[in-house]
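J.: One structure follows; several queries about it will come next.
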Ligand SMILES: [Zn+2]
Ligand SMILES: [Zn+2]
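Okay, structure coming up:
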């Protein structure tokens with residue numbers, strides 16, 4: 070008597086090896102709760118429960134009923150499944166996310182005046198059940214989800230402020246405010262990521278905090294207005310992220326990320342690991358003695374002191390290393406009041422930019438020396454006012470790689486560029502000096518930044534795909550008890 074089914078079952082029990090593969094279909098999905106439909110999984114081992122039935126008298130054989138328990142090594146399947154849920158949650162809320170970007174586009178507000186934007190963000194947080202703090206640094210909104218006692222806090226940032234460009238067709242006719250730097254897309258991305266994280270349920274499986282931050286005033290602008298806010302005690306620093314650092318908000322943040330628009334790049338593209346220049350702003354006031362324009366020997370010409378200062382700065386340009394990318398671009402904002410009066414007052418305003426802090430400090434010292442020399446040469450005096458600018462942006466390499474890997478799910482690797490340096494500056498640089506941070510830039514935008522031609526051309530990519538990449542990156546950081554977040558945090562070196 071042979072018993073082939075019994076011996077087969079025995080063999081299956083003993084052999085812990087790949088015994089086959091099967092696609093996951095709608096009919097067998099229940100067996101693979103963490104898998105995705107359409108995915109082929111290997112059956113790495115099979116345990117069977119065998120019940121040998123008595124022989125029917127007329128048959129020279131036995132039969133067995135075999136119950137298969139598939140032990141499948143799903144590997145990344147769990148991760149992919151969660152990301153599928155995140156992406157699905159974002160797709161299911163696409164109208165809300167696009168509406169967010171478009172509402173803010175149509176209601177542009179300048180820095181520290183983003184009141185309507187702030188209200189919109191608060192409403193979205195309320196819809197998502199995200200508790201928030203508002204009126205932080207005047208208009209900032211901070212929404213936090215997850216375990217309040219968790220020791221890892223990942224922050225997704227969107228900037229709220231517009232720039233001023235009256236020529237732009239979308240500009241507010243009264244204030245000139247317009248989203249010609251694409252910050253409206255950032256708020257949509259931050260809200261989109263919140264939809265993905267909250268609605269997918271990933272927080273049920275991860276012990277962490279996730280902060281969604283709508284931050285005011287990234288653009289270094291309207292310095293007189295902000296000066297008044299400082300004098301009134303409403304803020305201490307000129308920009309939103311600087312103010313939040315000052316207020317201690319970032320003390321509780323371990324990793325921060327945001328996306329910025331890339332100018333003149335209508336197609337979906339990704340630019341990773343770029344740096345920005347840091348800067349210090351200076352206002353130098355020269356004081357001389359007024360006299361009749363026809364009798365300069367009776368006066369001290371403050372304008373000449375300013376001109377000599379600019380010549381001194383220019384002479385120093387040969388001393389700057391190319392790699393430090395020092396840029397000094399002064400203007401004379403006051404060069405006298407009347408043509409037949411020797412100017413007793415002149416004012417230079419300038420930014421001193423550089424790729425690293427040491428280079429900026431060195432260049433600032435040279436500008437100060439040039440000002441003192443110009444004043445001394447003319448017998449004038451000078452007062453140098455320093456305004457804290459932004460630190461250079463230094464993007465975390467490990468975090469960048471995770472973001473890029475997630476982006477590659479949506480765009481080809483030939484659409485990714487690395488280490489393209491930005492000539493401008495951002496207060497995300499200040500954040501990157503104190504914790505691991507990234508600010509990749511993406512295409513989908515046309516026209517130059519801050520110009521009348523700037524526009525979003527690919528809403529699907531900049532509002533929705535970017536939200537998905539952000540949210541999936543967050544998930545990679547917080548999965549497995551925040552293993553990758555902890556690694557990035559432990560390897561971070563503070564900027565000196
Ligand atoms: Zn800008
Ligand atoms: Zn910007």
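Numbering (the working numbering), first residue to last: 70 to 565. From the three backbone atoms N, C-alpha and C, an ideal C-beta is built for every residue, glycine too.
Any heavy atom of ligand 1 within a distance shorter than 7 Å of the CB on residue 147?
T.: Locating residue 147 in the chain shown gives position 78, where the first residue counts as 1. No; taking the cut-off as 7 Å, the Cβ of residue 147 has no heavy atom of ligand 1 nearer than that.
J.: In the DSSP assignment, find the unbroken beta strand (DSSP E) run with residue 201 in it and report its ends.
T.: As a position in the chain shown, residue 201 is number 132, starting the count at 1. Taken as a continuous stretch (DSSP letters only), the beta strand (DSSP E) holding residue 201 covers 201-205.
J.: Given the structure, does residue 250 come close to ligand 2, in the sense that its CB is under 7 Å from one of the ligand's heavy atoms?
T.: Looking up residue 250 in the chain shown gives position 181. Checking every heavy atom of ligand 2 against the Cβ of residue 250, one is found closer than 7 Å.
J.: Would you report the Cα separation of residue 425 and residue 382, rounded to the nearest angstrom?
T.: Against the chain shown, residue 425 aligns to sequence position 356. Against the chain shown, residue 382 aligns to sequence position 313. About 19 Å.
J.: In three-state DSSP terms, what is residue 131?
T.: On the chain shown, residue 131 is found 62 positions in, with the first residue counted as 1. Low per-residue confidence applies at residue 131: pLDDT is 47, beneath 50, and the placement is therefore not dependable, though the value from the model is reported in the following sentence. Three-state result, residue 131: coil.
J.: Looking only at its own chain, which residues have a Cβ that is under 6 Å from the Cβ of residue 510, when we skip the five neighbours before and after it?
T.: On the chain shown, residue 510 is found 441 positions in, with the first residue counted as 1. If we look at residue 510 and ignore the five residues flanking it on each side, its Cβ neighbours are 329, 331, 340.
J.: Determine the contact status of residue 206 and residue 312, defining contact as a CB-CB distance below 8 Å.
T.: As a working mapping, residue 206 is identified with position 137 in the chain shown. As a working mapping, residue 312 is identified with position 243 in the chain shown. Yes, they are a contact pair.
J.: So which of 343, 294, 146, 350 has the shortest CA-CA distance to residue 399?
T.: Looking up residue 399 in the chain shown gives position 330. It is 350.
J.: Considering Cα atoms alone, identify which of 423, 408, 458, 187 is closest to residue 289.
T.: As a first step, residue 289 must be located in the chain shown, where it is residue number 220. Closest option to residue 289, Cα to Cα, is 458.
J.: Taking 8 Å as the threshold, find out whether the region 488-508 comes into contact with the region 451-471 through three or more Cβ pairs.
T.: They touch, by the three-pair rule.
J.: Give the C-beta separation of residue 260 and residue 186 to the nearest angstrom, bearing in mind that I take them to be a contact with Cβ-Cβ under 8 Å.
T.: One-based indexing of the chain shown puts residue 260 at position 191. One-based indexing of the chain shown puts residue 186 at position 117. 11 Å between Cβ atoms; not a contact.
J.: Can you check whether the CB of residue 180 is closer than 8 Å to the CB of residue 309?
T.: In the chain shown, counting from the first residue as 1, residue 309 sits at position 240. In the chain shown, counting from the first residue as 1, residue 180 sits at position 111. Cβ distance < 8 Å, so residue 309 and residue 180 count as in contact.
J.: According to the neighbour-count rule (16 or more other Cβ atoms, all chains shown, within 10 Å of its Cβ), is residue 407 buried or exposed?
T.: As a first step, residue 407 is located in the chain shown; it is residue number 338 there, counting from the start. Classification for residue 407: exposed.
J.: On the three-pair Cβ rule with 8 Å, is the region 258-276 touching the region 145-158?
T.: Contact holds: three or more Cβ-Cβ distances are below 8 Å.
J.: Three-state secondary structure (DSSP) at residue 571?
T.: Nothing in the structure corresponds to residue 571, since the chain is present only between 70 and 565.
J.: To which residues of the same chain is residue 293 closer than 7 Å at the C-beta, ignoring the five residues directly before and after it?
T.: As a working note, residue 293 is residue 224 in the chain shown. Result list for residue 293: empty, nothing under 7 Å.
J.: Quick check on DSSP: helix, strand or coil for residue 531?
T.: Position 462 of the chain shown, counted from the start, is the residue given in the question as residue 531. In the structure shown, residue 531 sits in a helix (DSSP, three-state: H, G or I).
J.: What does residue 233 pair with, by DSSP beta-bridge criteria?
T.: The sequence position of residue 233 within the chain shown is 164, counting from 1. DSSP lists 246 as partners of residue 233.
J.: How about residue 346 and residue 494: do their beta carbons lie closer than 8 Å?
T.: Position 277 of the chain shown, counted from the first residue, corresponds to residue 346. Position 425 of the chain shown, counted from the first residue, corresponds to residue 494. Going by C-beta atoms, residue 346 is nearer than 8 Å to residue 494.
J.: Check whether the region 417-424 and the region 349-363 touch, using three or more Cβ-Cβ pairs below 8 Å as the test.
T.: With a cut-off of 8 Å, the region 349-363 and the region 417-424 count as touching, because enough Cβ pairs lie within range.
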